[in-house]
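The structure under discussion appears below in the form of structure tokens.
Number of protein chains: 2
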Amino acid sequence: MSIEASPPPARRARRSPEAARENILAAAEALLTERGPQALKLTDVAAAAGISHGTVLHHFGSIADVQTALMERMIRQLVAHILAADPPTEDPAAKADFGARALFDAFESRGAARLAAWLELTGETRRLTMVREAVQEIVRGRLAHHGADPAAAEDLILVSVLLAMGVGLFGPTLADLLGKPADAPRRLALDLLRRQIASLPPA
Amino acid sequence: MSIEASPPPARRARRSPEAARENILAAAEALLTERGPQALKLTDVAAAAGISHGTVLHHFGSIADVQTALMERMIRQLVAHILAADPPTEDPAAKADFGARALFDAFESRGAARLAAWLELTGETRRLTMVREAVQEIVRGRLAHHGADPAAAEDLILVSVLLAMGVGLFGPTLADLLGKPADAPRRLALDLLRRQIASLPPA
DNA sequence: GCTACTATCGACAAAAATGTCAATAGAAGC
DNA sequence: GCTTCTATTGACATTTTTGTCGATAGTAGC
Numbered sequence: 001m002s003i004e005a006s007p008p009p010a011r012r013a014r015r016s017p018e019a020a021r022e023n024i025l026a027a028a029e030a031l032l033t034e035r036g037p038q039a040l041k042l043t044d045v046a047a048a049a050g051i052s053h054g055t056v057l058h059h060f061g062s063i064a065d066v067q068t069a070l071m072e073r074m075i076r077q078l079v080a081h082i083l084a085a086d087p088p089t090e091d092p093a094a095k096a097d098f099g100a101r102a103l104f105d106a107f108e109s110r111g112a113a114r115l116a117a118w119l120e121l122t123g124e125t126r127r128l129t130m131v132r133e134a135v136q137e138i139v140r141g142r143l144a145h146h147g148a149d150p151a152a153a154e155d156l157i158l159v160s161v162l163l164a165m166g167v168g169l170f171g172p173t174l175a176d177l178l179g180k181p182a183d184a185p186r187r188l189a190l191d192l193l194r195r196q197i198a199s200l201p202p203a
Numbered sequence: 001m002s003i004e005a006s007p008p009p010a011r012r013a014r015r016s017p018e019a020a021r022e023n024i025l026a027a028a029e030a031l032l033t034e035r036g037p038q039a040l041k042l043t044d045v046a047a048a049a050g051i052s053h054g055t056v057l058h059h060f061g062s063i064a065d066v067q068t069a070l071m072e073r074m075i076r077q078l079v080a081h082i083l084a085a086d087p088p089t090e091d092p093a094a095k096a097d098f099g100a101r102a103l104f105d106a107f108e109s110r111g112a113a114r115l116a117a118w119l120e121l122t123g124e125t126r127r128l129t130m131v132r133e134a135v136q137e138i139v140r141g142r143l144a145h146h147g148a149d150p151a152a153a154e155d156l157i158l159v160s161v162l163l164a165m166g167v168g169l170f171g172p173t174l175a176d177l178l179g180k181p182a183d184a185p186r187r188l189a190l191d192l193l194r195r196q197i198a199s200l201p202p203a
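Chains as they are written, first to last, in the UniProt record's numbering: chain A, 1 to 203; chain B, 1 to 203.
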């Protein structure tokens, strides 16, 4: 008999192609948000997903393809998350405030802000075309016919997105750096936006 | 005689250790801002600096040390850039406005915003201690004794930094995405801050 | 000029990351 | 059960990236 007892041969999981890809992308997303883009190595992703790196290549072809698939998946999730927000009121100012909060939620949860920074740093911003369409839908479909000046509404959205991404990406670090409570960035940014919303020319 | 004429042996440059390190870090900084953190490979940095990669290792020991040296250098430059801004007026509101513009300049020029994103994504935010001290100096030395509420001033600084970093990092892409002129993010963000400054409780 | 020092280079080596492939093993259909 | 299909694996190969080392070549001091 051999000195080492042979371990019970672990049953090998066999997923559907879709489930396999999903498993890999979920692991990659966790790696991205927890350890940054440079952690998206083939071996690391495979280990995080609990499979061999050959399997990753079987499903995606290359690690670069894993990364682009992850970008597109996260962008889709982000857009869906933002579009899903449905304001429960008709008052324009309240709707704008609700939209701003939804925007901040979207960029503070998960790794959305890190995704944006990742795209920016790697110059992959061309993948954001679908975001453009989503924003246009919001501007045209939800704001324009409320009587507010469309240009002013667009400007408001622009600074709102800027602030939401800034808070999502830098908020925690900045709060810590200034000795402020962790929720201060979000609160202050939303206060600022509320004031701006209130000053919008009414319908 | 040989078929190929031997090229004139290019005279080999010999820099002082300080100049050599400076040359390497400048090349690395250009790489970072133009092609992102993942471009900071040993060979790429050496090529950008016009030297062999062995020389880079001679001066820094490892590519990781090049990166940390670059982080610290850029942080120092950023802090110096911000602290150097000297408002030419005594009016508190005008001073605040001037400070905001200086902040935006700092994060829009060079790769300061990209540096911040790089630090955030890699979890190297502990290197920002000197930034904390610089901010405290500004808050205590320049704002506090002007009669404005110190807490309000700090909050104002917080959102200003958030906006400045957001504009510096995402401004161009976001403007393009929304079909706005390239200077729209900066202009809108500064407008927003001006309004907030004006509403500060006077001395 | 000569020497000492060392920044620089290039060839080599090691390590890390990516990719290839044949064999294996679940699962579904028969 | 048997066959077919293919997701999965592990061993191997290739490429990329990083690091080592001895030799070379500027430069300063003499």
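Glycine included, every Cβ here is placed at the ideal spot set by N, Cα and C.
Query raised in the report: Taking the alpha carbon of residue 206 of chain B as the point to measure from, which residue in B:Thr68, B:Met74, B:Ala64 has its own alpha carbon closest?
Result: With chain B covering 1 to 203 only, the question about residue 206 of chain B has no answer from this structure.
Query raised in the report: Name the residues in the region 66-82 of chain A whose C-beta lies less than 7 Å from a C-beta of chain B; which are they?
Result: So the list is empty, because no residue satisfies the distance condition.
Requested in this report: Assuming leucine 158 of chain B contacts lysine 180 of chain A (C-beta within less than 8 Å), just tell me the rounded distance between them.
Outcome: So it is a contact: roughly 7 Å between Cβ atoms.
Report task. Please check if any C-beta of chain B sits within less than 8 Å of the C-beta of alanine 116 of chain A. Result -> Alanine 116 of chain A belongs to the set of residues whose beta carbon lies under 8 Å from a beta carbon in chain B.
**Report entry** Straight-line Cα distance separating isoleucine 24 of chain A from histidine 53 of chain A
**Finding:** Those two C-alpha atoms are separated by around 10 Å.
Report task. With 7 Å as the limit, tell me which residues of the region 153-164 of chain A have their beta carbon closer than that to any beta carbon of chain B; keep them in chain order. Result -> Residues Glu154, Asp155, Leu158, Val159, Val161, Leu162, Leu163.
Query - Cβ neighbours of alanine 175 of chain A in the same chain (closer than 7 Å, five flanking residues each side left out) - result: If the five residues before and after alanine 175 of chain A are omitted, its C-beta is found closer than 7 Å to the C-beta atoms of Pro181, Ala182, Ala184, Pro185, all from its own chain and listed in chain order.
Report task. Could you tell me whether any Cβ in chain B is nearer than 8 Å to the Cβ of glycine 123 of chain A? Result -> Yes, contact with chain B.
Query raised in the report: Tell me which same chain residues have a C-beta within less than 7 Å of the C-beta of methionine 130 of chain A, skipping the five on either side of it?
Result: Contacts found: Ile75, Val79.
Query raised in the report: Listing by chain order, which chain A residues have their CB less than 7 Å from the CB of alanine 189 of chain B?
Result: Going along chain A in sequence order, the residues near alanine 189 of chain B (Cβ under 7 Å) are Val159, Leu162.
Query raised in the report: chain B partners of arginine 132 of chain A, CB-CB under 7 Å?
Result: In chain order: Leu177.
Report task. Output the distance between the C-alpha atoms of arginine 15 of chain B and serine 62 of chain B, rounded to the nearest integer angstrom. Result -> Approximately 19 Å between the Cα atoms of the pair.
Query raised in the report: Hey, how far is the Cα of leucine 121 of chain B from the Cα of alanine 49 of chain B?
Result: Approximately 26 Å between the Cα atoms of the pair.
Query - DSSP-derived helix/strand/coil call for glycine 168 of chain B - result: Note: glycine 168 of chain B maps to helix in three-state DSSP.
Query raised in the report: Between methionine 71 of chain B and leucine 119 of chain B, is the Cβ-Cβ spacing less than 8 Å?
Result: Methionine 71 of chain B places its beta carbon less than 8 Å from that of leucine 119 of chain B.
Report task. With DSSP as the reference, label glutamate 72 of chain B as helix, strand or coil. Result -> Of the three classes helix, strand and coil, the one that applies to glutamate 72 of chain B here is helix, per DSSP.
Report task. Using three-state DSSP, classify leucine 156 of chain B as helix, strand or coil. Result -> It is helical.
Report task. Let me know if isoleucine 3 of chain B comes out buried or exposed under the rule of 16 or more other beta-carbons within 10 Å of its beta-carbon. Result -> Note that isoleucine 3 of chain B scores 42 on pLDDT, short of 50, meaning its location in the model is unreliable and no value can be drawn from it.
Query raised in the report: Beta-carbon of threonine 173 of chain A versus every beta-carbon of chain B: anything under 8 Å?
Result: For threonine 173 of chain A, the answer is yes, since a Cβ of chain B falls inside 8 Å of its Cβ.
Requested in this report: Output the boundary residues of the alpha helix (DSSP H) element that contains leucine 200 of chain A.
Outcome: Segment: none, leucine 200 of chain A is in no alpha helix (DSSP H) and carries neither H nor E.
Query raised in the report: Does the pairing of the region 33-42 of chain A with the region 98-118 of chain A give three or more beta-carbon distances under 8 Å?
Result: Contact between the region 33-42 of chain A and the region 98-118 of chain A is present: three or more C-beta pairs spanning the two stretches fall below 8 Å.
**Report entry** C-alpha distance - serine 160 of chain B paired with alanine 93 of chain A, whole-angstrom precision
**Finding:** Spanning the two alpha carbons is a distance of roughly 24 Å.
Query raised in the report: glycine 111 of chain B and leucine 162 of chain B: beta carbons closer than 8 Å?
Result: No; because the gap between Cβ atoms is not below 8 Å, this pair is not in contact.
Requested in this report: Answer yes or no: do isoleucine 82 of chain B and alanine 13 of chain B have a C-beta to C-beta separation smaller than 8 Å?
Outcome: No, the pair does not count as a contact, with Cβ atoms beyond the cut-off.
Query raised in the report: Can you tell me whether glutamate 154 of chain A is buried or exposed, with buried defined as 16 or more other CB within 10 angstroms of its CB?
Result: Result: buried.
**Report entry** Contact set between leucine 31 of chain B and chain A, taken where Cβ atoms lie within less than 8 Å
**Finding:** Here the premise fails: no neighbours, minimum Cβ distance about 12 Å.
Query raised in the report: If you check the beta carbons only, do glutamate 124 of chain A and glycine 168 of chain A fall under 8 Å apart?
Result: Their beta carbons are not under 8 Å apart, which means glutamate 124 of chain A does not touch glycine 168 of chain A by this criterion.
Query raised in the report: Roughly how many angstroms separate the alpha carbons of phenylalanine 170 of chain A and proline 88 of chain B, rounded to a whole number?
Result: Proline 88 of chain B has its alpha-carbon roughly 30 Å from the corresponding atom of phenylalanine 170 of chain A.
Report task. Count the other C-beta atoms from every protein chain shown that fall within 10 angstroms of the C-beta of glycine 99 of chain A, then say buried if there are 16 or more, exposed otherwise. Result -> It is buried - the Cβ of glycine 99 of chain A has at least 16 other Cβ atoms within 10 Å.
Query raised in the report: Whose Cβ in chain B lies nearer than 9 Å to the Cβ of valine 45 of chain A?
Result: By Cβ distance, chain B contributes nothing, its closest Cβ being about 15 Å from valine 45 of chain A, past 9 Å.
Query raised in the report: How long is the line joining the alpha carbons of alanine 47 of chain B and arginine 11 of chain B, rounded to whole angstroms?
Result: Using only the alpha carbons, I get a separation of about 17 Å.
Query raised in the report: According to the Cβ coordinates, are alanine 106 of chain B and leucine 156 of chain B closer than 8 Å?
Result: Contact flag unset, no.
Query - leucine 57 of chain A in three-state terms, based on DSSP - result: Here leucine 57 of chain A carries a helix assignment [DSSP, helix/strand/coil].
Query raised in the report: Under a CB-based cut-off of 8 Å, is glutamate 120 of chain B close to chain A?
Result: Chain A, which has a Cβ nearer than 8 Å to the Cβ of glutamate 120 of chain B, makes this yes.
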